[in-house]
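Chains W and V, in that order, give the protein sequences.
Per numbering that gives the first Met the number 0: the first sequence = residues 0 to 192.
Per numbering that gives the first Met the number 0: the second sequence = residues 0 to 192.
We treat Cβ as the ideally placed atom computed from N, Cα and C, and that holds for glycine.
There are 2 protein chains.
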Amino acid sequence: MGDKLKSTPQTDNIRKVASELFALNGYNGVGVAELGNAVGLGRGALYHHIGSKEDLLYDIASRYIIHMIEEAKSIVADTPDPEECINKLSESLMVTISKNLSDMTVCFREINSLSEPRHKIVSSYHLEYQRIWEAVFERGEKEKVFREVTRLECKAFLGMYFYSFLWLRRDGKQSAHKLGRIYANIVLSAVKA
Amino acid sequence: MGDKLKSTPQTDNIRKVASELFALNGYNGVGVAELGNAVGLGRGALYHHIGSKEDLLYDIASRYIIHMIEEAKSIVADTPDPEECINKLSESLMVTISKNLSDMTVCFREINSLSEPRHKIVSSYHLEYQRIWEAVFERGEKEKVFREVTRLECKAFLGMYFYSFLWLRRDGKQSAHKLGRIYANIVLSAVKA
Numbered sequence: 000m001g002d003k004l005k006s007t008p009q010t011d012n013i014r015k016v017a018s019e020l021f022a023l024n025g026y027n028g029v030g031v032a033e034l035g036n037a038v039g040l041g042r043g044a045l046y047h048h049i050g051s052k053e054d055l056l057y058d059i060a061s062r063y064i065i066h067m068i069e070e071a072k073s074i075v076a077d078t079p080d081p082e083e084c085i086n087k088l089s090e091s092l093m094v095t096i097s098k099n100l101s102d103m104t105v106c107f108r109e110i111n112s113l114s115e116p117r118h119k120i121v122s123s124y125h126l127e128y129q130r131i132w133e134a135v136f137e138r139g140e141k142e143k144v145f146r147e148v149t150r151l152e153c154k155a156f157l158g159m160y161f162y163s164f165l166w167l168r169r170d171g172k173q174s175a176h177k178l179g180r181i182y183a184n185i186v187l188s189a190v191k192a
Numbered sequence: 000m001g002d003k004l005k006s007t008p009q010t011d012n013i014r015k016v017a018s019e020l021f022a023l024n025g026y027n028g029v030g031v032a033e034l035g036n037a038v039g040l041g042r043g044a045l046y047h048h049i050g051s052k053e054d055l056l057y058d059i060a061s062r063y064i065i066h067m068i069e070e071a072k073s074i075v076a077d078t079p080d081p082e083e084c085i086n087k088l089s090e091s092l093m094v095t096i097s098k099n100l101s102d103m104t105v106c107f108r109e110i111n112s113l114s115e116p117r118h119k120i121v122s123s124y125h126l127e128y129q130r131i132w133e134a135v136f137e138r139g140e141k142e143k144v145f146r147e148v149t150r151l152e153c154k155a156f157l158g159m160y161f162y163s164f165l166w167l168r169r170d171g172k173q174s175a176h177k178l179g180r181i182y183a184n185i186v187l188s189a190v191k192a
């Protein structure tokens, strides 16, 4: 439980196709036979690669947020200046969102289809990601460049980012990097001391 | 098409029960027989009240946003000061979100189950609501109390509010009014001239 599927060209392709199908027709609306047809594999071969349909859902729902956590930790470790750190976190987050629209659609719509403890694990990843931003706000407050930012405000800011997966595809005019800078400006203008 | 179901105690009850069932088990996961059982009506009587299952979905997905539009228009008409207007819009929005969690869950998750033109109509309501906030930001800019706020920024702010339906229930410690004031402070600190 809680392990990622191994990343091979085959499982990566199955995950990508499944994510798009689940996003389009719902997790319960896509059968294993349909998924097998879409990736050109029989039932047995498909199960060999994915374990179970729920393993696949768990993998789709958790992979992008695990990536966000890893990237955010690395940014925070390398970026002592809190303001610059928010700028980098913001761009990284927007880029990851823009690259994982179907995974995020599936995660937000189907998280209740995950059995425990997987449902809780995915929620805990989201909380872990939030805690990274909170720590940057705390650092900024200590250094007197930010005002005090409550957990609730941090959650509000992250909601602003995450919500964008709902429309990002349709308004493709702005690059994810540029959006990240625009969002960072909103956050920074709200928290600067 | 596009008409609201008549509001009677019976249809209000059916809508409420259906909204909670759809939010819990998905629109396609709830059959008319199950819904009939839940409200104590046979198939014929149920259809008499709701028209069709999709009429009910459309009603659930559109009613809260129509309410938001009506309330926002009234606030804007009565509140000449742009800053006060944002405060009032913010509180009104948060209160409406907190009172319509299951309707919003259904709307955001199931909007693609609506056939045209209903799908487009619901999207257009969301855009109409956004335009009301945009007009307040423009008014504030004209009066030199706000900086220029782009449409994208306005969309970002509203995303911050709307996203809260995902967690509002679980963090019930804060009142919707108080949350509305906290969110308004974020918006105002980001846009004040």
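Query raised in the report: Among V:Ile-131, V:His-176, V:Glu-140, which has the Cα closest to the Cα of Lys-236 (chain V)?
Result: Past the boundaries of the shown model lies residue 236 (chain V); chain V is included only from 0 to 192, so the question cannot be answered.
Query raised in the report: Between which two residues does the alpha helix (DSSP H) harbouring Asp-58 (chain V) extend?
Result: 52 to 77
Query raised in the report: In chain V, which residues lie less than 8 Å from Gly-25 (chain W) when you measure between Cβ atoms?
Result: Gly-25, Asn-27
**Report entry** Cβ neighbours of Ala-44 (chain W) in the same chain (closer than 6 Å, five flanking residues each side left out)
**Finding:** none
Query - chain V contact for Phe-156 (chain W) (CB, 9 Å cutoff) - result: yes
Query raised in the report: Any idea what DSSP makes of Lys-191 (chain W), helix, strand or coil?
Result: strand
Query raised in the report: If you measure from the beta carbon of Trp-166 (chain W) to each beta carbon in chain V, is any gap under 9 Å?
Result: yes
Requested in this report: Please state if the CB of His-125 (chain W) and the CB of Ile-64 (chain W) are separated by a distance shorter than 9 Å.
Outcome: yes
Query raised in the report: In whole angstroms, what is the alpha-carbon distance linking Ala-17 (chain V) and Val-75 (chain W)?
Result: 45 Å
Requested in this report: Could you pull the start and end residues of the alpha helix (DSSP H) that Phe-164 (chain W) belongs to?
Outcome: That residue, Phe-164 (chain W), is in no alpha helix (DSSP H); it is neither H nor E in DSSP.
Report task. Identify the contact partners of Ile-181 (chain V) in chain W, using a Cβ-Cβ distance below 9 Å as the criterion. Result -> Thr-149, Leu-151, Glu-152, Ala-155
Query - Beta-bridge partners of Phe-145 (chain V), as assigned by DSSP - result: V:Lys-191
**Report entry** Nonlocal neighbours in the same chain, by C-beta distance under 8 Å from Leu-40 (chain V), ignoring five residues either side
**Finding:** Ile-13, His-48
Query raised in the report: So which residues of chain V does Phe-161 (chain W) contact, with C-beta pairs closer than 7 Å?
Result: Tyr-162
Requested in this report: Have a look at W:Ile-96, W:Lys-52, W:Val-190, W:Lys-141 and flag the residue whose alpha-carbon is nearest the alpha-carbon of Val-148 (chain W).
Outcome: W:Val-190
Query raised in the report: Beta-carbon of Asn-86 (chain W) versus every beta-carbon of chain V: anything under 9 Å?
Result: no
Report task. Under 7 Å between beta-carbons, which chain V residues line up against Arg-108 (chain W)? List them in chain order, please. Result -> Arg-108
Query raised in the report: Between the region 81 to 97 of chain W and the region 178 to 185 of chain W, do three or more beta carbon pairs fall short of 8 Å?
Result: yes
**Report entry** Within-9 Å CB hit, Asn-36 (chain W) to chain V
**Finding:** no
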